[in-house]
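First up is the structure itself, then whatever we jot down about it.
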Amino acid sequence: MAEKKLSPMMAEYLETKKQYPDCILFYRIGDFYEMFYEDAKTASSVLDLVLTGKDCGQAERAPMCGIPFHAADSYVTRLVGAGYKVAIAEQLEDPKLAKGLVKRGVIRVVTPGTLTAEQGLDETKNNFLMSIFYDASGFGVSSVDVSTGEFLTTTCGTVKEVLDELSRFQPAEIVCNQAFMISGADTDFIKERFNLIITELEDGVYKDEAATKLLEEHFHASIQGIGLADRDLSRLSAAAALHYVYETQKNSVAHISNIRYYASSQYMIIDTATQRNLELIETMREKKKRGTLLWVLDKTRTAMGARMLRRFLEQPLIDRAQILARQDAIEELCGHYIDREEMSEYLNTVYDFERLLGKICYKTANPRDLIAFKQSLRMLPDIRQELGLFQSPLMKEIYEGIDEMQELYQRIDQAIVEDPPVSSRDGGIIREGYHAEADRYMQSKLNGKQWLAELEQRERERTGIKTLKVKFNRIFGYCIEVTNSFKDLVPADYIRKQTLTGAERYTTEELEKLQNEILGAEEKLHQLEYELFCDVRDTIAENVQRVQKTSHYVALLDCLISLSKVATSNNYCRPEINEAGRIEIRDGRHPVIEKLLQDGMFVTNDTRLDDAKDRIAIITGPNMAGKSTYMRQVALIVLMASIGSFVPASHADISICDRIFTRVGASDDLASGQSTFMVEMNEVANILRNATTKSLLILDEIGRGTSTFDGLSIAWAVVEYIAKVVRAKTLFATHYHELTELEGRLDGVNNYCIAVTNHDQDIVFLRKIIPGGADQSYGIDVASLAGVPRPVIERAKEIAAELSDADILAKARELDCEPGFRQESLALEESGAGADSDLLFGAGDAPNGMVAERMPEATRGAAGSTADGTAPAGATTPAGAAGTEPALPASIRDALDYLRSIDINHMTPLDAMNTLYELKDRFQLS
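Quick note: the sequence shown uses the numbering used here, first residue 455, plus one each step.
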């Protein structure tokens, strides 16, 4: 493109565009933001705008489209929602005063992670930008919400832990160093799964000295005072996040006033699979709030409270004292029903302090935002008065933490009219009596006509000209018009201004003065009102930490009131909290399903798990009977107890758990090349590798995605591994009745089943969990209930009768559970060197937890076989399996040894390709 042919304005546009090549540039021209060239083509397609052209000095017209400047937020939100970045170039000077080309510059870059427009944000959830720094020592992960000012940072050791943080914060955008892109993390998978964009930053951003300086200057404290002196990974990731926010927001972002370091061990870990399987935030199928635990618990009245309650569910507590403090507050609120309801009503009129403060610090708050802020402040004295009646420690802390800030309320109330316009530049903002000069301009604007009428009357009396008139002309302004018949009576102090056919027009010093005052009053008033408004807005911004502290405690109060309301209305009980590994639930109910049942008839169930005799419950019974519902119910009750909530039961004694793992339901992930069974095995691998004795495992139908014997073998081995190695509290639902043989043979394993009865040759599910194993699966009966044709049902019964003669239960009883897992294999597993275990449980640090779905036929042995195809001493095989296979050929053993020697976690894509070619040549693979 030959820029020398371009018009000056287009040359300036292209120069600005060079600085923001990855953004769609909104270029302010008059009352519109215009886009040109490829930006115009993209924007016209995404925003459904008409694509036109502009003559810019070249042979062909430049593609162009535009939007009204006052509607920019909605269009920006749509572009950002589609994954684009938008740079907004504004006029930096008044076009009326500009000499030559109006000066323009980019005032803000809007990205998915830095969006602040209300139209693009869900008030009930945060909009996080996540910064990830990677080097050989691990990952630094920092998350900042520029709309609220929240800023948190931590460190991770593996990609899996980073994925857990992504699941926890659900960021809209990631910024990272170049090393992260080759760290082993599957960035395409991350983009797809979390629906975000990833931006690489230059290496210069991550220089240690510059990072430390940036953080210290922003937070006005030493790096020791900030709390990141010995946390290099967090320091670098936090500095990169702050750098990116500065670069995009183009202001001081003073509302980001604090950064908090946290360790993942401070909270119960809820990974992506568990959050999805338990439907904590959104339902699996419809991705909606209704039908989730959040839907049941969220009776909050403020946006701040809604966001905090969501964080409660994403970050359950593992500190008993903190849990008990929340319980004490909720119990006291339940006992003060009237006071609780009054505070709830007060909260209903409190606006979003956090995001209002963000807009105020961004200097984008309009007059109505300040009125909303004032109305929120008006409620604080009443809320504190009610809080003064409460005695629990957490309620007292909230009382002390809420700052009434009535001087800010008075300032806004005195300065801003009750119903101001949206725009801060169109006047009508400042109250009469607030500022003397503004009052005078208001009087000039309102009384100008009266002043002119009085002047006209005085001049008529002074001159004796009865037809004298004061008139207004757009070109000449105000004037005194005298017809030619009275010209001789015109005083000497009149100054001729214009001659007409039948009259003359004059002015006087007094009229000129009035004209300047009247015509300039409105413009001067608007400018002065804007300055006064900005002064009030800046005063609020100076109190950012006071406002943020108060907003935190208002949100906390809102959450506690919400949980108290739910506890009262749903007849929940206060659970006891123990650290002895004991989970006892009496008359437990599923918190969500009981609300969805129209008849309200939910069947309650008891649960007992501990670290000794009741560690693993194997649950059998037919489909549709309620096994999955029961297990989810237990997990949800444990999680609710961990956030301090009361729970749906008549009595509960809940042990603190470090993690809840779930493997429930069938799903595939075809986008990542994973079948249903592969997804199942990945989740099982994650659970077995990361669960501890303090974890709660919810496992449903392990092994059902493959053949009967393979599935049974895997399920059996998993139960053994949990019982002997992991030793976590486990609910294990299965159709493999053979697993009931493990009761009495493995310590801590007990059988339970769903009670079923027959009525008129039909089965009836009683939904009750009872001790003992199910005597049959009732699968054919379920098929009949579903409406499968009668001939198919009858034939199925005939086949089932024949197959029952080849009963494998007797063979299962002969299996020896004692040899179990060899100690040397467990040692390899702990050290990460167990290549054979990787085939079953997946590579621990694989980019997205995937394991190889296809293995050479020769390597597939029965459950318990070793790498060379032979069974370990004393091990037997479930009946019907292939039995012990012959030793593998030497060539296959060599290939396996070579594969074990490969460190795939530190391979570059080029290394991987070269290794594949070497494998093909070395072992003559086709």
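We put the CB at the ideal spot given by N, CA and C, even for glycine.
| Item | Value |
| --- | --- |
| Whether V534 touches V564 by CB criterion (8 Å) | yes |
| Nearest to V500 (by Cα), restricted to the options D509, C519, G484, C510 | C519 |
| Backbone secondary structure at L460 - three-state DSSP | coil |
| Any 3 or more C-beta pairs closer than 8 Å across the region 807-825 and the region 862-876 | yes |
| Reference T1083, options H1105, R1117, D1053, I1110, closest by Cα | R1117 |
| Beta-carbon gap between K1222 and V1057 smaller than 8 Å | yes |
| Under the three-state DSSP convention, the category D725 falls into | coil |
| R714 beta carbon less than 8 Å from that of D857 | no |
| Simplified DSSP assignment, three categories, for M738 | coil |
| C788 and A995 closer than 8 Å at C-beta | no |
| Opposing strand residues paired with R558 [DSSP bridges] | Q545 |
| With 16 other Cβ atoms within 10 Å as the buried cut-off, status of D752 | buried |
| Proximity winner among Y588, P475, R1036, relative to G638 (alpha-carbon distances) | Y588 |
| Own chain residues within Cβ distance below 7 Å of V1092, not counting five before or after | I1037, I1108, C1111, I1114, L1150 |
| Beta-carbon proximity list for L906, same chain, < 6 Å, skipping 5 on both sides | V924 |
| Segment limits, alpha helix (DSSP H) that includes H674 | Taken as a continuous stretch (DSSP letters only), H674 belongs to no alpha helix (DSSP H), as it is neither H nor E. |
| Residue burial classification, N705 (beta-carbon count within 10 angstroms, cutoff 16) | exposed |
| Contacts around R1314, its chain only, beta-carbon distance under 8 Å, and the 5 residues preceding and following it disregarded | Residue confidence is low: R1314 scores 36 on pLDDT, short of 50, so the model does not pin down where it sits. Its coordinate-derived value is still stated next. No residues qualify anywhere along the chain. |
| Pairwise C-alpha distance: M758 and H1006 | 8 Å |
| Completely contained beta strand (DSSP E) runs for the region 808-867, where each covers 3 or more residues | none |
| Local Cβ density within 10 Å of V804, reported as buried at 16 or more and exposed below that | buried |
| Per-residue burial, P462 [other beta carbons within 10 Å of its own, 16 or more giving buried] | exposed |
| C-beta contact flag for A665 and L690 at 8 Å | yes |
| Whole beta strand (DSSP E) elements within the region 919-966, 3-residue minimum | 923-927, 931-937, 949-953, 957-961 |
| Proximity to Y660 [Cα-Cα], best of R730, I677, S585 | S585 |
| Cross-strand partners of T1184 (DSSP beta bridge) | I1070, L1151 |
| Per DSSP, the bridge partner or partners of Y481 | E488, A543 |
| P1076 burial status per 10 Å Cβ neighbour count (16 or more: buried) | buried |
| DSSP state of L1282 mapped onto helix, strand, coil | The predicted model places L1282 with a pLDDT of 40, which falls under 50 and marks its position as unreliable; any figure quoted below should be read in that light. Of the three classes helix, strand and coil, the one that applies to L1282 here is helix, per DSSP. |
| Contacts around M833, its chain only, beta-carbon distance under 8 Å, and the 5 residues preceding and following it disregarded | Y800, L801, T803, V804 |
| Cβ-Cβ separation, A543 to Y481 (assumed contact under 8 Å), whole Å | 5 Å |
| DSSP state of N1205 mapped onto helix, strand, coil | strand |
| Which residues DSSP lists as bridging E627, in chain order | L583, I651 |
| Beta-carbon spacing of L900, L965 below 8 Å | no |
| H980, DSSP secondary structure in three states | helix |
| V1008 versus S830: straight-line alpha-carbon distance, rounded | 11 Å |
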